[in-house]
C-alpha cells in the first residue's frame, strides 16, 4: 500500500478519532466467563491454585490410559471379545486402525501444556508467612509434567519436548522430538535441583486429601533413575534411585504396615479353611486414613472425566490373564501357629484343610471369587473398591438459606503405593549388588532392626570397618549408606511387613522363600564328570573370585525374579506392569554374563495366555513394544 | 491483494475527484417541457397531478385538463409524476418537448418509488445498485418482518421458515451462501442501527429461536429495503447482504390515526401417520422378540400383549388413543395495533401501540407480545434537528420442546407414544383415574401430562432509545449522529416434570451410566446490551446536471452478551425451580463483549440523471479480529479491514437516442464490484483463553482451552454483478434481472491442531467459496379495464455455490445423525452418507452379495434377508465409512415466488405462491419414525417392513438396537424437497361508505399456507434445522407452518 493511500486513510480516520489514544484500547474486551491469557497473570496465590486444579482435572483422562496401556500391553491382563476393537488392537500389538484413540496423545499434552503455563508464569518469589508459597506448586507442576512425559515415553517412545507453553498457533512447532531414553535424562536434569521442595497440597477436596494427587518429586526422580539404571546398568543411577526412594520413605515415614496383610484363619489344628477378613484389599480403598496410597488420579462421576475401568471390568471387557492367576497359585503360603504355647508348627501349601485357598491369598482379595458365577472369578476386586462417595451439605442458593445434602462419587486410580516404592527400592539395591537387602524388603520388611540383622542383611552388603579397641578387642563398625538408613517412627519397627508377607503368611519364617544357596560351586562333596570331587579354589585366587561373583550374580538374578513376581502379586492390574516389564527387559539386556537376556520382553509376552498368541521374536525390535502414534483424521462434531 | 490495492487507489481518487467536480459545475440552460397527464384506461385527464424533476427542484401541477409545463435542465431529465389514487411514474424526457403520461390506478404496485439507501431515500431509477423494497407492508398478517421479506422477495432473498411457532420468522440467505461456519444471515439495520441478529443464540426450549426481529411489529414498519450490493460502508458485516428496516415517522402535520385488528385460526398441521394400537402391538411383540436374552414366553407374559379382558391390566393396555388429539389444537392469533401520526411545525411524531396474542396449534403453547414505539423529529432550530426513537417490546411465551425428542417434545411424543395406552393412569383393579399417567415402560413420556404439568416460560423484553441530532452546517454540509442504546433481556424456564416425563439414564461423556433422571429443571437468562453510534458528515450538491451526495462517517458498536444457564435434576414431584433439584447440576454461561469501529466514506454521483456512479469504502476494526491479521492494514495500534465498492448505472432510457424506442419506458444497466466482509467470528477465538472447571465439583480451576490465533480475521467476499431494469409498453411489463459472481476468501474454519498442543481445534481462516447466480423478477399489468385490474408478478433466483479451496482438508459435521460434508468442489451443506439399493428379500440374495460390517469388537457380521442393501462403493465387501458418498444437496436449483392480484373496484383478491426446485431434504423425523430399532411407535410406512423370507419391500426388518445399522444416515432419508406452495390468498374490501370522522375502512380475510404440491413426505418441505448454512435442508420435525385463516380490519381516522 503506497504512502498516498495510507495517508488518505489516515486523514479519514483522523477526523473521527482524534480523541482516541489508541483504537486497540477501545477494542479491548474482557469476559467473566473466560479468562483471557492476557488477564491471567498468575499474580496471586489463587491463580496458582486454580491453575493446579486445572492441571489435576486434565490428568483425569490419563487414569484409564495409565491402567489400560500399562496392563494390556503386558502379561497380567488381556482383553476379551467384548472389548472394543481399539483395545483389542493393543492386546494383539497390531495397530492398524487410524482412529484408534489409544494412539492419540492429545490428553497427555493437555496436561503438559497446562503445566508449562504454570512453570513459565508462576512467581516463585511470592512470600507468604515467610514461605516461598509458590515454589511447591512450581515443583509440583514440573513433577506432573515429568510424570506425563514419562508416561508418553513409555507409551509411544516418542515425545515432543517443549518447556514453554504453547499459547499461540504460531508456536506449535517449537518442540524437540525425543525417545524415552533421552527424555529421562532431560527430566532428571529438570527435577534434580528441586528434589527437596515440599509437597504441594490443595487441602481436602470433597473428602479426599488432594496431597495424594501430587506425585512426590523424589519418587519421580527415583523412577527416572531406576529406569535409566535399567537401561545402562549404571551403579550410580541405581544408587540415586535407592537414595531417592529412601529419602522419600524417610521424609513421609512410609512403612509397610502388617495390618494390611491378608491370610488364613488357623487354630491349633491348622488351617480352618477360612480366610481372614479382607485386610489387604483395604489398602486399595480410598479414604482419608489410607496411607498406603501415595499418588493417585481422582475421577468424579459427575465432574470432569469419568473413569471407565469400573464398567470395563464389570462387563468383562478386560480380564486377568491365566498368567497372572498362576503367579498367585504358584506361591507357597506359610502359616505359623503354636501347637502348645512353646512349640511352633508351620503349615504350608497342601497342609491346608480345604482346597478353597491356594497360593498367595492376595488373589482372593484382588479378584472377585464366587462359586455361583465363574465369570465373577475374572473380575478384578481392586477396581470395585476404588469408589469413594462423599456426602456433604451445601447451602441452597434459595433465599430460605436451607442446606441440601449432596453426594458425589469418585473413582480413585492409585499411581503409586508404598509397597510399589519398596519393591522399586529393592530393585535398585539389588542392582547395586545387594540381593539380601532386596530380599529383606520382600521377606522380612525393611526396618533398621532387620537391616542390622546379619542373618538378614549380611555385612558384605554393608560398609564394615574393623577396629581394635583399647582392650585389643576387634570391633565391628558398620557404616550404612544413607539409602540403608531408615527413620521410621519407633512404634513402626515392630509392625513392618515384608511385601511377600502381605499374601503369603509368615514368609519371614518360610525356609523355602530364601535366596538359594549358589555356593555349591565351592563344595567339596560334589564330584566332577570323572568322579573326582570338585576342589575349592583358594579364596585369593581369581577363580575363587569369579565363582563368588557368579554366585552373587545368581543371587541377584534370583532375587530379581522374585521382585518381578512380587510386582505381579502386589500390584497387578494397577497400571504399572508394562513399566515393570520395560525395566526388567532393559536390565536383562544391559547386563553381561549368563543372565543376560536380549528378549526378556518377548519371552514374557510369548507366555501370555490370551485370545491372541504373540511371537516372542517380534519383540526383539524394541519399537514393537510401543504404541505407534497417529495423527487422526478430522471429524468436527456439531460446530456451527 | 493486487486487486484490492487497485480498487482502493482508484476509489480514493474518484472520491476526491467527484467532490471537486461537484463544486465546479455551473448551472446549465433550462428547457421547458409541456405535457398531459391522463388515466391510462379512460384517457381522462388527471388534474392536480404533481410533476417534479429528478435531482432538481423544479415542479409543476396539472390543470383540470391534465396539462402542465415544467422546466428541466437536460434533455435527458426524468419527470416524476404523482397523483392521488394513481401509481407513481417516472418519464424520461429523451429530448421531447411534449409528453403524454398515462397513469395507472394505485391498485397496481408501484414501479417507481423512493427507496431507502445508505444515504437517505433516493428514487429507484437513480440508483446504480439493486435495492429491493418489500411492497405491501400495509395489510399483512405475518407477525415478523423476516416473514414479510421471505414472502415478498421470494426469488431475491431465499427465505426458509424456521418453524410454525408464532414469530420465529425465517432464515434468510441473500445471493447464495457466503459463509460455512460463521454467520450467514443478513445484517439488519433498523432505523440506522445495527441489530445483533443472535443467529447462534440457543434457547433452552428445543426447536425454538428467539427471533430479534419479532420485537418489531410489522405495522410499525415504513419500509424494508434489501441491499444486495453497494453496501461496503458496512464493510466487515455486509457480505451476507444488508436489510434496512425503517420504522414509521411523522409525515406531516395532519394527524392520522390508524387502527388495525385481525383475528385468525391456525389448523393442526399435516403429520406423518403412525401405526394404530393393534398394528403397534404386533410390531412391539415382534420387536421384543429381537432383544437378546428375552424369551418368547417372557414376551407373551407381558401385560400389553395379553388379550385376556378379565385381567385387571387389560384396560390399561387396550385403549386406542389418538395422541395427536392430546397434543394439537386449533390455534388462534389476534393482533391489535394503534398508530398515531402527526405533529406541528416544531415536531413530527409517530406513536404506536400494539398487542399480538397467539395460542399455538400445540396445546399449552402461547405467546403475547406488547410493543410500543415513539419516533419523533424535532426542529429545534433552523440548523438543528433532533430525531428521537424509543421502542419497547415485551414478549411472554409458554413453550414446550419441539422437534425430535422422546422425552419432552409433544409433537414427537404424539407419534411415538403407544396408542394402546391412555393419558390417564389406572388403578391396580383396572379402573381409570383422572390422574395423568407418568412415563411408560417404553421410555416414552406422557404428552398429556407434559401439557398439564410443564412450566416452560420465556419472558423477553427489549428497550431501545435512540437520539439523532442533525446539525445543518450550510446548504451543502450536515453533521449528524445516531446514538442508540438497547437492552434485550430474556429469561427462560424449563421443567421436565416427574409426573409425565419418562425416566432415563444420565450418561457421562464417555457413555457410562451416572444415574437415573426422573425430572429436570433448567433456567437461562440472556442479556444483550448494545451501544451504537453512527456519526457522519454529509455533503450534497446539485449543480447543473450533476448531483453529488457524499458522506464520511464513523461508527462504533459495543455488544455485551451474557447468558447464564443452570440445570438440575431430580427435584421431585413438586420441583418448580432449579433450587429444588439436587442431582447432576450444571452451570454454564457466556459473557461476550464485542466492540467494533468503522470509518467509512461514500459518494453517489449522478450526471443528467442517467450516468450514475456510487463509490463507497469502509475500514473496520473489531475486538474479534486478531492483532496480526494478514488482510487489511495496521493503523492506530490495531488492524483494519478495508472494504471498497463501486457501482455504476446507465439509464439508457433517458438518452435522446431512445426517443424512437418509445415502447421502452425504462432501461437501465447496472454493474458493480464490491469487497465486503463477515465478522461473525466466535467471540474471543483469536485469544488464548482459559475456561473454568470444577475439579471434583468443589475446587475451581482454569484450563487452557484455546490457542491464540492473532491472524484470525474476517471472511472477505469479492462480488461483481451486472443488472438490467427494463420496463416497456407504458410500464405494463417490467423486468429486473441481476447476475452475480462472488468469491469468498479466508473462510472461517475450525482447523485441527496437532496433538502435542493438547487441544483439538482452533479457528482460522482457510478456504474459498464461490457463488454464481442470477435473480430476476417481472411484473405485468395484465388487465386495466375500467374498475377491473389484474397484475401478476414473479421472481426467480438461482445460485451455484461451490467450495473452491480448503487447503487440502475436508470436514465432516454431525447434525441430527446426518454427516454434512465440507469438501473442495462441493457445495456447502451437502449430505454425506451411504447409498442404498433396496432391501434383501432373501437370505440367498444377501449371501450372494456377501456384504458385512465390522463390529466394535473386531468381528464381522454379514447382512441378511430383510437388511438394507447398502452400496459397497469402495468394493471391499465391508460396509463402512469408505462407502460414504454425497447423497444429497440442500441447495435448490432455483426458487422464487409469484403472485397475482385482481382488483375490482374496492374489492381485491390476491394470491401468493412460493416455490423451490431441486433441493434435497434430510428427513430426520422420518429416519426416527422408520428406524425400526426401538420400542417406540413408528410411522405407518413400517407396516410394510420385511417380515418373511422372499418378501419384496423397501422397508427393512425391525430389529431392536438396529445391529446392522439399517437406519444409518443414508439416501433412504434424503428426499426431493421441491415444492410449490400457495402461501396466501387474501381478499380485501375497502368500504365505500365513510363516516365523516373516518378516512377509510378496509376489511380483509386471508388464508395462509393454503396448499403445497410436493413429493416430500414430511410435514412441510419449507424447512431447516437452524440459521447456519450447515443446518439447511434438515427436517428435525419442528412444527410446520400450518394453514391459517384470518379476518381483519383497518380503520383510518
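Chains as they are written, first to last, in this note's numbering: chain A, 75 to 714; chain B, 933 to 1985. Yeah, the Cβ is synthetic: ideal placement off N, Cα and C, and Gly gets one too.
So if DSSP puts residue 344 of chain A in a beta bridge, which residue, or which two residues, is it bridged to? A:341
Select from B:1714, B:1960, B:1450, B:982 the residue whose C-alpha is nearest the C-alpha of residue 1662 of chain B. B:1714
Leaving out five residues before and five after residue 1552 of chain B in sequence, what residues of the same chain have Cβ atoms less than 6 Å from its Cβ? 1167, 1168, 1530, 1573
Going residue by residue through the segment 346 to 401 of chain A, where are the continuous alpha helix (DSSP H) segments of at least 4 residues, counting only ones entirely within it? 383 to 388
Rounding to the nearest angstrom, what Cα-Cα distance links residue 1320 of chain B and residue 1555 of chain B in this structure? 29 Å
For chain B, check one thing: does any of its Cβ atoms lie closer than 8 Å to the Cβ of residue 220 of chain A? no
Could you check whether the Cβ of residue 953 of chain B sits closer than 8 Å to any Cβ belonging to chain A? With a pLDDT of 46 at residue 953 of chain B, under the threshold of 50, the modelled position of this residue cannot be trusted; read the value that follows with caution. Output row for residue 953 of chain B: interface = no.
Could you tell me whether the Cβ of residue 157 of chain A comes closer than 8 Å to any Cβ of chain D? Among the chains of the structure shown, chain D does not appear; the protein chains present are A and B.
Rounding to the nearest angstrom, what Cα-Cα distance links residue 112 of chain A and residue 1620 of chain B in this structure? Each residue's CA atom was taken as its position, placing residue 112 of chain A and residue 1620 of chain B some 8 Å apart.
Would you say the segment 1040 to 1052 of chain B touches the segment 1641 to 1649 of chain B, given that touching needs at least three Cβ pairs under 8 Å? no
Check each candidate in B:998, B:1285, B:1006, B:1311 and name the one with the smallest Cα separation from residue 1013 of chain B. B:998
Are there 16 or more other CB atoms within 10 angstroms of the CB of residue 402 of chain A, so buried, or fewer, so exposed? buried
Specify, as a first and last residue, the run of the alpha helix (DSSP H) that residue 638 of chain A falls within. 616 to 645
Could you check what DSSP says for residue 1361 of chain B in three-state terms: helix, strand or coil? coil
Give a yes or no on whether the C-beta atoms belonging to residue 651 of chain A and residue 300 of chain A are separated by under 8 Å. no
When you compare the segment 310 to 318 of chain A with the segment 503 to 511 of chain A, are there three or more beta-carbon pairs, one atom per stretch, that lie closer than 8 Å? yes
Run through the DSSP bridge pairs and tell me what residue 603 of chain A is partnered with. None; residue 603 of chain A has no bridge partner.
Return the Cβ separation of residue 1803 of chain B and residue 1815 of chain B in integer angstroms, given the expectation that the two are a contact with Cβ distance under 8 Å. 7 Å
Might you give, ordered along the chain, the residues of its own chain that have their beta carbon closer than 8 Å to the beta carbon of residue 192 of chain A, omitting 5 neighbours on each side? 116, 122, 125, 126, 129, 211, 212, 215
What did DSSP end up calling residue 1076 of chain B once you bin it into helix, strand or coil? coil
Put residue 278 of chain A into one of helix, strand or coil per three-state DSSP. Of the three classes helix, strand and coil, the one that applies to residue 278 of chain A here is strand, per DSSP.
Using the C-alpha atoms, what's the distance from residue 245 of chain A back to residue 237 of chain A? 12 Å
From the beta carbon of residue 104 of chain A, is the nearest beta carbon of chain B less than 8 Å away? yes
Those residues which DSSP pairs with residue 1313 of chain B across a bridge: BP columns for residue 1313 of chain B point to B:1316.
Just confirm the distance between the C-beta atoms of residue 1969 of chain B and residue 1857 of chain B, as a whole number of angstroms; I'd bet it's less than 8 Å. 3 Å
Length of the line joining the Cα atoms of residue 646 of chain A and residue 233 of chain A: 27 Å
Does the beta carbon of residue 165 of chain A sit closer than 8 Å to a beta carbon anywhere in chain B? Closer than 8 Å: no.
Is it the case that the Cβ atoms of residue 1676 of chain B and residue 1171 of chain B are separated by a distance below 8 Å? Against a cut-off of 8 Å, the Cβ pair of residue 1171 of chain B and residue 1676 of chain B comes out as a contact.
Who are the near neighbours of residue 389 of chain A in its chain, counting only those whose CB is closer than 8 Å to its CB and skipping five residues on each side? 156
Residue 977 of chain B bridges to which residues according to DSSP? B:970
Please classify residue 670 of chain A as buried or exposed, where buried requires at least 16 neighbouring CB atoms within 10 angstroms. exposed
Helix, strand or coil for residue 133 of chain A per DSSP? helix
Is there a Cβ from chain A that is less than 8 Å from the Cβ of residue 1625 of chain B? Flagged as an interface residue toward chain A: residue 1625 of chain B, by a C-beta distance shorter than 8 Å.
Whether or not the segment 1596 to 1613 of chain B and the segment 1107 to 1124 of chain B are in contact is what I'm after, with contact meaning three or more pairs of Cβ atoms, one per stretch, closer than 8 Å; do they touch? yes
Chain B partners of residue 114 of chain A, CB-CB under 8 Å? 1622, 1634
For the segment 352 to 380 of chain A, which residues have a beta carbon sitting closer than 8 Å to at least one beta carbon of chain B? 372, 374, 375, 376, 377, 378, 379, 380
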